[in-house]
Structure formats: structure tokens, C-alpha cells
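So the structure is just underneath, and the comments pick up after that.
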């Protein structure tokens with residue numbers, strides 16, 4: 001098959017799997033997960049073929065592999081949809097295919113496939129465990145299978161479809177379609193355990209918050225279409241289009257059309273990639289099952305936001321002169337850097353193992369956005385990919401930890417939160433594979449020098465920031481990197497090192513191979529993915545492997561980006577912050593024992609509380625948006641508008657009609673119509689009353705009467721009528 | 725030969741007596757007898773007119789026989805009704821039989 005045809009087919013298997021599971025096989029768990037995994041395996045194989053063919057193509061950046069068909073007519077033209085494989089698509093396909101496949105395999109184990117049905121599990125709640133008897137008659141509590149097992153695979157298949165569509169599409173409309181499908185799926189999956197109130201609240205929060213961004217993004221797309229007349233990459237990223245957009249003034253004074261479109265599209269990314277101030281939904285999204293968190297935070301949804309701005313970079317940077325940033329880039333640099341440091345500080349204090357990772361994700365996404373904001377295109381793409389691998393690894397690892405802890409909780413019967421890191425400790429001996437892979441992921445996240453992927457991508461961002469003289473961004477990101485290393489080590493120390501702090505941690509067990517195998521695979525990438533992008537002038541190791549990533553992905557842009565000259569300062573900075581953060585984290589958290597407060601709590605004092613409560617952003621938004629919205633609907637719209645104005649008007653009309661009716665009744669109906677009817681009836685009655693006296697019932701009186709009348713008639717006849 | 729007017733005066737007297745009986749007597753049987761007298765007065769008229777006006781035709785006689793038969797049947801029905809009323813109400817006084825009123 002040609003590469004074009006394979007690319008066309010990439011999104012197809014997951015969506016077919018979705019429909020098959022929903023319509024036919026949802027009763028059979030085995031069929032459902034086989035279908036789903038088989039489908040993403042097909043897409044995976046296809047993606048690999050496309051990827052390897054793409055990297056073997058000369059000048060792919062200038063001549064991407066594309067193919068398009070007419071979709072619907074727009075006036076005299078056609079709106080075309082199609083596929084577009086340039087170097088950036090190729091590397092995105094690579095990381096999406098791998099992480100998605102691993103997450104699918106992991107889900108089989110995570111949802112306890114092969115375990116018995118729960119004693120009283122209900123759909124909509126996480127499985128509570130089953131009681132079984134062994135051959136000696138002892139009763140054991142074991143994990144039970146997820147009640148809505150097939151449903152989960154259907155949803156994540158649709159999710160995978162959305163991401164593949166987004167990556168391979170050649171225009172912004174189908175990209176937006178994939179984007180929204182993922183928005184829907186994240187809503188469905190965050191609320192997968194819909195019987196939990198918190199999950200319901202989280203799903204609505206996620207959907208509404210991302211919707212804010214999406215509306216602006218759609219406005220941006222509409223404005224772009226209005227100005228250019230097309231949404232195809234081929235047209236909108238053509239140098240002459242960008243030139244024209246950069247010179248065209250927009251409706252807002254002082255901004256070019258390109259800048260306005262760029263800012264609007266960037267707001268879409270702010271929502272999707274959970275950047276400040278729309279970051280609030282992502283930590284709450286942890287209510288979903290852990291594979292979902294990995295799907296959303298690593299492989300797909302939040303990556304999609306960064307994917308979009310990287311894809312959009314030519315327009316975002318339209319009109320850039322040397323090192324002066326365009327307005328959208330400035331916005332990205334500021335928001336990205338701020339988000340990076342802001343959420344890193346929150347992550348310092350969180351206790352839930354998944355929430356720490358959630359804030360870390362927000363922070364790392366801020367990194368990428370800031371990198372793009374200062375023009376470090378390749379570094380942003382590089383960090384997107386390495387981050388996808390190691391963050392998927394970390395999320396799946398945390399799921400494995402939670403699983404092990406839940407096992408321990410079932411064994412001991414304690415009432416503790418299995419996700420709270422203060423309840424863990426010493427898990428390295430109980431869960432060795434999870435520990436080592438988690439350690440690799442954590443080191444990659446903190447940027448442990450030389451070996452891990454995170455080091456190379458972060459270092460590149462810092463080097464870029466330094467090399468182009470963006471001091472503020474450089475310092476902020478360096479500080480964020482330090483905090484990242486610190487909270488990562490805090491997380492590892494609290495959960496894996498030291499001694500078990502609860503009975504549950506003591507009885508935790510290693511997860512099964514369907515969960516540990518994906519961890520191992522992702523751990524390999526968390527290390528090896530960095531080797532493709534080692535700068536050539538790096539001391540000692542530079543040049544051993546050519547800086548393939550920069551060459552390849554850099555080719556996506558019309559102007560090939562320059563590599564920054566090597567400088568010792570950013571390198572030393574990243575070494576110091578990574579190692580220093582890790583060491584400090586280990587130093588502070590190595591000896592935490594059961595029941596002890598967080599060692600940071602005393603020195604930080606009230607600041608700790610502020611961080612722990614996430615800068616009170618939830619409360620602030622509650623005050624600013626939720627309460628006014630409720631006031632608007634309940635008091636203003638319902639009580640004042642609906643009950644007061646509309647109902648009042650209706651009541652007024654009704655009262656008027658009522659009184660008109662009353663007048664008609666009293667002055668016309670009653671006296672005239674009724675009066676006439678009554679008069680007829682009454683007069684007939686009184687006539688009858690008068691006449692009835694002659695009806696005595698006595699036969700002789702009747703005869704007298706008959707005689708009188710007969711004589712009367714005869715008399716009348718003879719004397720008046722029969723006159724001769 | 726006796727002139728026709730004699731018969732007519734006699735019939736009128738008979739009719740008046742019968743009418744008086746019907747209107748003035750209380751006893752239902754007496755009323756019935758009054759009705760018979762009226763019928764007979766009419767019969768006398770019919771026969772007298774037949775004999776004096778069209779003696780060559782049978783119509784008058786046939787008519788008179790028919791009226792006899794009807795009168796006899798009527799008396800039978802009337803007396804049966806009276807017996808039935810007497811059994812139910814223990815009276816045959818005409819002014820007490822007044823169910824058919826307002």
C-alpha cells in the first residue's frame with residue numbers, strides 16, 4: 001500500500017472497534033478488549049510503517065506526503081479533507097501509537113481482567129473486591145473486575161480515534177473534529193465512575209473549562225477561514241499567505257490578523273492543555289480510572305493542545321523579526337512560564353500521588369508552551385514527545401502503585417486512601433518493577449543528566465531561552481525545573497523509599513504483567529527517546545549520535561531553525577537544578593514516618609496552606625463564575641425574569657382577560673342570554689301551572705268540559721259560520 | 725202513522741237522561757248505564773231515520789246491529805275494569821278514581 005493510503009486508514013480501526021463494542025460485543029469482555037487492542041495494534045503497525053517511510057523520505061518538510069478529497073461544497077469551491085504527513089506528524093504518530101498501545105494493554109490489567117465478579121459491585125462505582133475461598137476454606141478478599149469493562153474499552157477506542165484523526169488531518173477543521181471528539185471522550189471517561197459525586201463534578205468541570213478555550217479557538221478558525229478562505233495546511237502555511245496575514249490589520253488595533261488568529265487559537269490550547277488560567281480542570285480529572293489519566297495527560301488530549309500550537313507556529317510567529325517576539329508568542333511565553341512555575345509550586349504540597357503528577361503535567365505543558373513562545377520550535381516538539389513517554393510511564397506507574405495499595409487495603413481492611421502518598425512508603429521491595437520504572441520516569445521528569453530523555457529536551461529549552469536572551473523565561477523555567485526535581489523526589493521518597501507507614505503498604509503486591517509490561521516498554525522510551533536529540537556541540541557525548549531530531553523536525557518549517565550555540569551556563573544550570581532538586585527532595589523526605597506532618601509545612605507556614613489549597617483557585621472561580629452563574633440562573637433568570645417579569649406579564653394578561661370575561665358574564669350572558677332562556681322556561685312552567693288545575697283526574701269533569709266545548713263549537717258554527 | 729218527530733223527541737229525551745246519568749251519578753256502574761242510554765238514544769235516531777227516509781235499503785239496520793254489538797262489548801270491558809278497580813281501591817265512585825291528574 002502507498003503511504004497515503006495507510007495514513008488514511010490509521011484512524012479507522014479504533015472507531016470501528018468503538019462501534020463494534022458498543023453495538024455487538026459489549027457483553028463479552030474478552031471480545032471487547034481483544035477488539036480494542038487489536039484495533040490500536042493495527043493503527044500502531046500502520047503508524048510505524050508511515051513513520052519509517054517518512055523518515056526515509058528526502059525533503060519531507062518541503063514536500064509532505066499529502067492526499068485530499070472534496071468533502072463539501074462551499075459556494076463555488078470545495079472544502080477538502082485529507083491527510084498530511086510532514087516530519088512533525090511523523091514523530092507525533094510515533095509517540096501517539098506507542099503510548100496509546102501501551103495504555104490499552106495496561107487497561108486490561110488495571111481493570112482486573114480475569115478476576116471474579118465483585119460481591120456488591122455496581123456499574124458506576126470502582127470495583128470493591130470479591131471474597132473467595134481457597135482449598136483450605138480460608139476466605140480472601142481479592143480485587144474484582146470492573147463492572148463496566150467493555151464500556152471502558154469502547155470509550156478509549158473512540159479517544160484513540162480522535163487523536164489519530166487530529167494528528168493525520170491536513171486541515172484545521174478535521175483537527176478540530178478530532179479535538180472535540182477527545183473533549184467528549186475525556187468527559188465520558190473522567191466521569192466513568194459516574195455514581196461518585198466528585199467524578200460527576202469533575203467531568204462537568206473539565207468539559208465546561210475546555211469549552212471556554214474551544215469557543216475562542218473556533219472563533220480563531222472562523223476568522224482565519226474568513227481571511228484566507230481555506231483551512232488546509234497547504235494553503236494557510238504557505239509563505240505568501242503568512243506574509244499577507246502578517247501585514248493585514250485585524251479588527252483590534254495594533255494586532256495583525258495573524259496575531260489575532262494566533263492568540264485565539266492559543267486560547268484553545270490554554271483550555272485543552274490546562275494552562276493558567278484554565279488549568280483547574282486537569283487535577284480534578286484524576287477522578288477517572290488511571291489509564292484515562294495517562295491517556296488524557298500524556299498521550300492524547302493535553303498533547304493535542306501543544307500539538308496545535310506547534311503545528312500553528314508559522315502563523316503564531318508570522319512577522320517575527322529576529323529575536324523580537326510577536327504578540328501571540330509573547331502571550332505564550334508569559335503564560336507558559338508562569339504556568340510552569342505556578343503549578344510546580346502547587347505540586348510540592350499535594351498528597352494524592354496522581355494529583356502531584358497532574359500538576360506536574362500542567363507545569364511541563366507550560367514548559368512546552370513557553371519554549372514555543374520564545375521560538376524554540378524543535379525543543380518544544382522534542383519535549384512534547386519525551387514528556388508523553390515519561391508522563392505516560394509515571395501515570396501508569398502511579399496506577400500500579402494504587403493497585404498494589406488497594407490490594408494491601410483489601411488484605412488489612414484498613415480505611416485509608418490508597419492514593420495518599422503519606423500512607424505509602426517502602427514500596428520498592430514490594431513492587432520492584434513498578435519502583436524501577438517509576439524511578440526512571442521520575443528521573444526523566446526531573447531531567448536527570450545525560451541518561452534520561454527529559455534532560456535533553458529540557459536542556460534544549462533552557463539553552464534556547466538562554467541563547468536568545470530571554471532571561472525572564474530562562475530563570476523562571478530553571479526555577480520550575482528545580483521544583484520539579486524536588487517534588488518528583490518527594491513523591492518517590494514518600495511512596496517507594498523508607499519503611500512502610502501503614503499495614504496496607506506492607507501488604508502491597510506487584511501488579512500483573514499486563515500492567516508491568518507497558519511500564520517496562522515506556523521506561524525504555526523515557527530513556528532512549530532523548531538520544532535522538534543530543535546537541536552536536538555537547539561536551540563528550542555530543543556528536544556520537546547525530547542530532548537527528550533537530551534536522552528532521554526542524555525541516556517542517558519553511559526556514560530551517562538554527563541550533564543555538566553551545567554554552568556552559570544553561571548546561572550547568574540544568575545540572576544544578578536537576579541534581580540539587582533531587583538531592584534536596586531526598587534529604588527532606590527520606591525519613592518521614594507514619595503520622596508525621598509534611599516536613600515543608602513548618603518552614604513554609606501559611607504559604608504551605610495556600611499551596612495546598614492550590615492558591616484558592618477553585619474557591620476563586622467558585623466566587624467569580626460558579627456563584628454568579630447560579631445567581632444568574634436561580635435568582636435573576638428564575639425569580640426575577642421568569643417568575644417576576646414573564647409570569648407577571650402572563651398573570652396580568654390573565655387577570656385582564658378574567659375581568660373582561662366577568663363583565664361579559666354579568667352584563668350580557670347572565671341578563672340577556674340566561675334571562676331569555678329562563679323566561680321561556682319559566683313562562684312555559686307557569687302556563688303549565690295555571691292549566692294543570694283543569695286536569696283533575698275526574699272523568700266526569702272532563703266530560704262536562706268536552707260537552708261545554710262541543711256545545712260552544714256548535715253554537716259558534718251555527719250562529720257565526722253557518723249563516724245563510 | 726206516528727210522525728218522525730215523535731221518535732226524535734223521544735230519542736232526545738233518552739239522550740238527555742243518559743247524559744245526566746253520565747255527568748251527575750257517582751257510581752261508575754250508573755255512569756256506564758248512562759252511556760248505554762246515550763247509545764240507545766242514538767240507535768233510536770238511526771232506526772227512525774232509516775224507516776222514514778230510506779226504508780228500501782239495509783244500511784240502517786246493519787248499522788244498528790253493529791252498534792248493539794259494540795255496546796255489548798263495551799259494557800263487558802267496562803265492567804271488567806270496574807271490578808279490577810274495585811279490587812285494588814275498594815271503591816267504584818267516579819270522583820275518587822282520580823289518579824290521572826297533575
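Protein chains in written order, with the numbering used here: chain A, 1 to 724; chain B, 725 to 826.
Every residue gets a Cβ at the ideal spot worked out from N, C-alpha and C, and that includes glycine.
List, in chain order, every chain A residue whose beta-carbon is nearer than 7 Å to that of residue 765 of chain B. Along the second chain, read from residue 1 onward, the residue named residue 765 of chain B stands at position 41. The contacting residues do not exist; residue 765 of chain B stays about 15 Å from chain A at best.
Determine the chain A residues that contact residue 823 of chain B at a beta-carbon separation under 7 Å, and present them in chain order. In the second chain, residue 823 of chain B corresponds to position 99, counting from 1. What residue 823 of chain B touches in chain A: 697.
Pull out every residue of the region 754-778 of chain B whose Cβ sits closer than 8 Å to any Cβ of chain A, in chain order. 755
Answer yes if the region 478-498 of chain A comes into contact with the region 334-345 of chain A, meaning at least three C-beta pairs across the two stretches below 8 Å, and no otherwise. yes
Beta-carbon separation of residue 361 of chain A and residue 297 of chain A under 8 Å? Residue mapping note: residue 361 of chain A aligns to position 361 of the first chain, counting from 1. Residue mapping note: residue 297 of chain A aligns to position 297 of the first chain, counting from 1. Yes; because the gap between Cβ atoms is below 8 Å, this pair is in contact.
Nearest candidate by alpha-carbon position, reference residue 430 of chain A, set A/35, A/440, A/505: Walking along the first chain from the start, residue 430 of chain A turns up at place 430. With distances taken between Cα atoms, residue 430 of chain A lies closest to A/505.
Going by DSSP, name the residue or residues bridged to residue 352 of chain A. Here residue 352 of chain A refers to the residue found at position 352 of the first chain. According to DSSP, which records beta bridges pairwise, residue 352 of chain A is partnered with A/420.
Does chain B have any CB closer than 8 Å to the CB of residue 704 of chain A? Here residue 704 of chain A refers to the residue found at position 704 of the first chain. Cβ-Cβ to chain B under 8 Å: yes for residue 704 of chain A.
With distance defined between alpha-carbon atoms, name the residue in A/453, A/507, A/374 nearest to residue 564 of chain A. In the first chain, counting from the first residue as 1, residue 564 of chain A sits at position 564. Nearest of A/453, A/507, A/374 to residue 564 of chain A, Cα basis: A/374.
Contact set for residue 31 of chain A: own chain, Cβ-Cβ below 7 Å, skip 5 residues either direction: The residue labelled residue 31 of chain A in the question sits at position 31 within the first chain. Here the set comprises 25.
Distance between beta carbons of residue 313 of chain A and residue 225 of chain A, contact taken as under 8 Å: Residue mapping note: residue 225 of chain A aligns to position 225 of the first chain, counting from 1. Residue mapping note: residue 313 of chain A aligns to position 313 of the first chain, counting from 1. No, residue 225 of chain A and residue 313 of chain A are not in contact; Cβ-Cβ is about 19 Å, not under 8 Å.
Can you tell me whether DSSP reads residue 750 of chain B as helix, strand or coil? Here residue 750 of chain B corresponds to residue number 26 of the second chain, with the count starting at 1. It is coil, neither helix nor strand.
Should residue 821 of chain B and residue 753 of chain B be called a contact, given that it needs their Cβ atoms to be closer than 8 Å? Counted from its first residue, the second chain places residue 821 of chain B at position 97. Counted from its first residue, the second chain places residue 753 of chain B at position 29. Contact flag unset, no.
Inter-residue Cα distance where the pair is residue 699 of chain A and residue 672 of chain A: Working through the first chain from its first residue, we reach residue 699 of chain A at position 699. Working through the first chain from its first residue, we reach residue 672 of chain A at position 672. When rounded, the distance between both Cα atoms is 44 Å.
Best match in A/403, A/393, A/106 for proximity to residue 440 of chain A [C-alpha to C-alpha]: Along the first chain, read from residue 1 onward, the residue named residue 440 of chain A stands at position 440. Residue A/393 is the option with its Cα nearest to residue 440 of chain A.
Name the chain A residues whose beta carbon is nearer than 7 Å to that of residue 884 of chain B? Missing from the structure shown is residue 884 of chain B; chain B here goes from 725 to 826 and no further.
With respect to the beta strand (DSSP E) encompassing residue 71 of chain A, which residues constitute its N-terminal and C-terminal limits? Position 71 of the first chain, counted from the first residue, corresponds to residue 71 of chain A. Taken as a continuous stretch (DSSP letters only), the beta strand (DSSP E) holding residue 71 of chain A covers 65-74.
Return yes when the Cβ of residue 10 of chain A is within less than 8 Å of the Cβ of residue 38 of chain A, no when it is not. Your numbering for residue 38 of chain A matches position 38 in the first chain. Your numbering for residue 10 of chain A matches position 10 in the first chain. Cβ distance not < 8 Å, so residue 38 of chain A and residue 10 of chain A don't count as in contact.
Give the secondary structure of residue 79 of chain A by DSSP, where H, G and I count as helix, E and B as strand, and everything else as coil. Numbered from 1 along the first chain, position 79 holds the residue referred to as residue 79 of chain A. Residue 79 of chain A: strand per DSSP, three-state reduction.
Could you give the DSSP three-state label for residue 808 of chain B: helix, strand or coil? Numbered from 1 along the second chain, position 84 holds the residue referred to as residue 808 of chain B. Residue state, collapsed to three classes: helix.
Give me the Cα-Cα distance between residue 402 of chain A and residue 391 of chain A, rounded to the nearest whole angstrom. Sequence index remark: in the first chain, residue 402 of chain A carries index 402 (1-based). Sequence index remark: in the first chain, residue 391 of chain A carries index 391 (1-based). Cα to Cα, the separation comes out at about 16 Å.
Those residues which DSSP pairs with residue 133 of chain A across a bridge: In the first chain, residue 133 of chain A corresponds to position 133, counting from 1. Answer by DSSP bridge pairing, in chain order: A/139.
Just to make sure I have the definition right: I need the residues of chain A whose C-beta is within less than 8 Å of the C-beta of residue 818 of chain B. Which are they? Taking the first residue of the second chain as 1, we reach residue 818 of chain B at position 94. Per Cβ cutoff of 8 Å: 698, 699, 700.
Which same chain residues, not among the five before or five after residue 143 of chain A, have their C-beta less than 8 Å away from its C-beta? Against the first chain, residue 143 of chain A aligns to sequence position 143. Excluding positions up to five away in sequence, the list reads 112, 115, 127, 129, 130, 403, 406, 407, 410.
Just reading off the alpha helix (DSSP H) that residue 254 of chain A is part of, what are its end residues? Walking along the first chain from the start, residue 254 of chain A turns up at place 254. Premise fails: residue 254 of chain A is in no alpha helix (DSSP H) and is neither H nor E.
Counting C-beta neighbours from all protein chains within 10 Å, is the total for residue 136 of chain A 16 or more, i.e. buried, or is it exposed? The sequence position of residue 136 of chain A within the first chain is 136, counting from 1. Residue 136 of chain A should be labelled exposed.
Quick check on this structure: which residue in A/186, A/100, A/2, A/722 has the alpha carbon closest to the alpha carbon of residue 285 of chain A? Stepping through the first chain from its first residue, residue 285 of chain A is reached at position 285. Measuring from the Cα of residue 285 of chain A, the nearest candidate turns out to be A/186.
Assigned exposure category for residue 502 of chain A - 16 Cβ within 10 Å defines buried: Stepping through the first chain from its first residue, residue 502 of chain A is reached at position 502. So residue 502 of chain A ends up on the buried side.
Going by the DSSP bridge assignment, what does residue 232 of chain A pair with across the sheet? If you number the first chain from 1, residue 232 of chain A lands on position 232. For residue 232 of chain A, which the question treats as bridged, DSSP gives the partners A/171.
Over the uninterrupted alpha helix (DSSP H) stretch that includes residue 482 of chain A, give me the two end residues. For the purposes of this step, residue 482 of chain A is taken as residue 482 along the first chain, with counting starting at 1. 471-495 is the extent of the alpha helix (DSSP H) around residue 482 of chain A.
Would you call residue 758 of chain B buried or exposed, if buried means 16 or more other Cβ atoms sit within 10 Å of its Cβ? On the second chain, position 34 is the one that residue 758 of chain B refers to. Classification for residue 758 of chain B: buried.
Where does residue 281 of chain A land, buried or exposed, given buried means 16+ other C-beta within 10 angstroms? Numbered from its first residue, the first chain carries residue 281 of chain A at position 281. It is buried - the Cβ of residue 281 of chain A has at least 16 other Cβ atoms within 10 Å.
Which same chain residues, not among the five before or five after residue 768 of chain B, have their C-beta less than 7 Å away from its C-beta? For the purposes of this step, residue 768 of chain B is taken as the residue at position 44 of the second chain. Cβ within range, chain order: 731, 734, 735, 738.
Three-state secondary structure assigned by DSSP to residue 534 of chain A: Stepping through the first chain from its first residue, residue 534 of chain A is reached at position 534. Note: residue 534 of chain A maps to coil in three-state DSSP.
Kindly indicate which three-state DSSP category residue 653 of chain A falls into: helix, strand or coil? Mapped onto the first chain, residue 653 of chain A falls at position 653. Note: residue 653 of chain A maps to helix in three-state DSSP.
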